[in-house]
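Encoded as structure tokens, the structure appears first; notes follow it.
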Amino acid sequence: MKSRGLAVKDPKSALEPFEFERRELRDNDVAIEIAYAGICHSDIHQAREEWGPSLYPMVPGHEIVGSVTGLGRAVTKFKVGDLIGVGVFIDSCRTCPSCLKGLQQYCENGNTGTYNGYERDGKTIAFGGYSNNFLIDADFAVHVPKNLDLTGVAPLMCAGITLYSPLKHWKAGKGTKVGIIGLGGLGHMGVKFAKALGADVTVFSHSPNKESDAIAMGADKFVVTKDISALKPLSRTFDLILNTVSAELDISAYLNLLRLDGTLVVIGLPGKPYSVGAGVLLGARRSMAGSQVGGIPEIQEMLDFCGTHNITSDVEVINADYANTAYERTIASDVKYRFVIDARTF
Ligand code: NAP
Ligand code: ZN
Ligand code: ZN
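Counting the sequence shown from 1 gives a position; my numbering is that position plus 1390.
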């Protein structure tokens, strides 16, 4: 299948127009005409090799929404014209204990990323969603509710599920106090989901100008963290804190905000290790945990939840030729709150 999109050729180069060939349609595949592709900070980390060696040329993009244009012979899950979503991985081993539980994000044999690697055959480069079309095994794609504004749906496929999953796992809801660090693509979805689940939500942000947006999204409180001493009065008041910051952070200062048995979940992936004081953990039986996107059944559950509660991402829709500027603005925390590329402009 012939495709057009954007690619980076090496860690130092900008995104450039790129024409390439995707593999043939297999029996369990769906072919997709992409409508929108979100820009996740993970795209930037990988395009620039901030997590170790990357595979080039790279077509980034793992927040994909579009419609089905073709079906392999064995596909019954979708029909032509269906709205469809694709996220961070396109396959997994399907047989390990994690996969059998529908937790493909924790596949013990490694799931297959949507880009920056090879497909399961070990030789076909996986090209991502900054392009006009896509091919995926139907088992790894999900149905998108028809009532949602499609411009804000693509980011649900990574930013959305990445916050929904830990909020559910650590049982955020009525009577729990949740903190979200960083109001970016991931963080703003966390505010919306935590609110919809009934939790009391505080945003920790180093950008004072985001306060009114945070409150409009449903936050009960907004704490400016430019001066870290602002955290002191909030000591021992949170049940759950989700750290979505893409840069290094004084994690101990936030651990101190947890009540007895509270949990801080690491979600941002800055590439350098955090330094944690042991005393702050054992002083209130606190936990520090991690969470990575979500499995296919939970992604479908999250999209259905979005359909019921009318939740989408707040987006700036851009043309493909603005993507390099969008990268710079994302790094500068100047995104409201996710850039989404209109796939007609590739
Ligand atoms: P993003 O849109 O750039 O948001 C990150 C936010 O972090 C910024 O908006 C900013 O919020 C805050 N921030 C940035 N630099 C900071 C600094 N120097 N000090 C303090 N705060 C800072 O990025 P994203 O797409 O939401 O991704 C966030 C991180 O999660 C990335 O590292 C990404 O790779 C990772 N990620 C993880 C998973 C997973 O499965 N665990 C999935 C997707 C992405 P304020 O302006 O409000 O402070
Ligand atoms: Zn992502
Ligand atoms: Zn597996």
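We put the beta carbon where it would ideally sit given N, CA and C, even for glycine.
Local Cβ density within 10 Å of residue i, reported as buried at 16 or more and exposed below that
| i | result |
| --- | --- |
| N1599 | exposed |
| I1618 | exposed |
| G1715 | Residue identity differs from the one stated: residue 1715 is Thr in this sequence, not Gly. With fewer than 16 Cβ atoms within 10 Å of its Cβ, T1715 is classed as exposed. |
| V1470 | exposed |
| E1409 | exposed |
| A1710 | buried |
| P1687 | exposed |
| S1482 | buried |
| T1552 | buried |
| R1734 | exposed |
| K1585 | buried |
| P1623 | exposed |
Cutoff 8 Å; reference residue i; Cβ partners in own chain excluding five residues on either side
| i | result |
| --- | --- |
| H1435 | W1441, S1636, L1659 and G1661 |
| Q1690 | V1532 and H1533 |
| A1421 | M1391, L1415, V1458, T1459, G1460, L1461, N1523, F1524 and L1525 |
Own chain, CB closer than 6 Å to residue i, minus 5 neighbours either side, in chain order
| i | result |
| --- | --- |
| V1707 | T1541, V1730 and D1732 |
| D1590 | K1567 and D1610 |
Reference residue i; option with closest CA among the options
| i | options | result |
| --- | --- | --- |
| D1433 | A1674, G1456, L1671 and L1405 | L1405 |
| L1576 | L1672, T1627 and S1595 | S1595 |
| M1572 | P1556, G1563 and T1592 | Contrary to the premise, residue 1572 reads as Gly rather than Met in this sequence. The residue with the shortest Cα to Cα distance from G1572 is T1592. |
| V1656 | D1640, R1649 and E1601 | D1640 |
| Y1664 | G1673, S1642 and A1674 | S1642 |
| G1608 | E1638, I1631 and V1568 | V1568 |
| L1648 | M1692, E1638, D1419 and S1625 | S1625 |
| I1515 | G1685, G1565 and P1447 | P1447 |
| T1702 | G1574, P1545 and Y1717 | P1545 |
| A1604 | F1583, P1623, A1620 and P1407 | F1583 |
| E1411 | S1403, P1401 and G1395 | G1395 |
| L1621 | L1630, L1645 and D1400 | L1645 |
| K1399 | A1668, G1680, E1439 and C1430 | E1439 |
| D1527 | S1555, T1502 and V1581 | T1502 |
| K1548 | I1480, F1468 and P1407 | The amino acid at residue 1548 is misidentified as Lys; the sequence shows Cys. Minimum Cα distance to C1548 is reached at I1480. |
| I1454 | L1538, E1423 and P1443 | E1423 |
Paired residues, beta bridge with residue i - DSSP
| i | result |
| --- | --- |
| D1481 | T1502 |
| R1394 | E1409 |
| D1653 | A small correction: the amino acid at residue 1653 is Thr; Asp does not occupy that position in the sequence shown. Looking at the DSSP assignment, T1653 forms a beta bridge with L1630 and S1677. |
| M1547 | None; M1547 has no bridge partner. |
| N1523 | E1423 |
Proximal residues to residue i (C-beta, below 7 Å), its chain only, five neighbours per side dropped
| i | result |
| --- | --- |
| D1417 | G1462, R1463 and A1464 |
| K1536 | L1473 |
| L1587 | L1557, A1562 and G1563 |
Residue i Cβ short of 7 Å to ligand 5 heavy atom set
| i | result |
| --- | --- |
| C1696 | Summarising the ligand content, the structure contains ligand 1, ligand 2 and ligand 3 and does not contain ligand 5. |
Shell residues, 6 Å Cβ cut-off relative to heavy atoms of ligand 2: After applying the 6 Å Cβ criterion, the set is C1430, S1432, H1452, V1478 and C1548.
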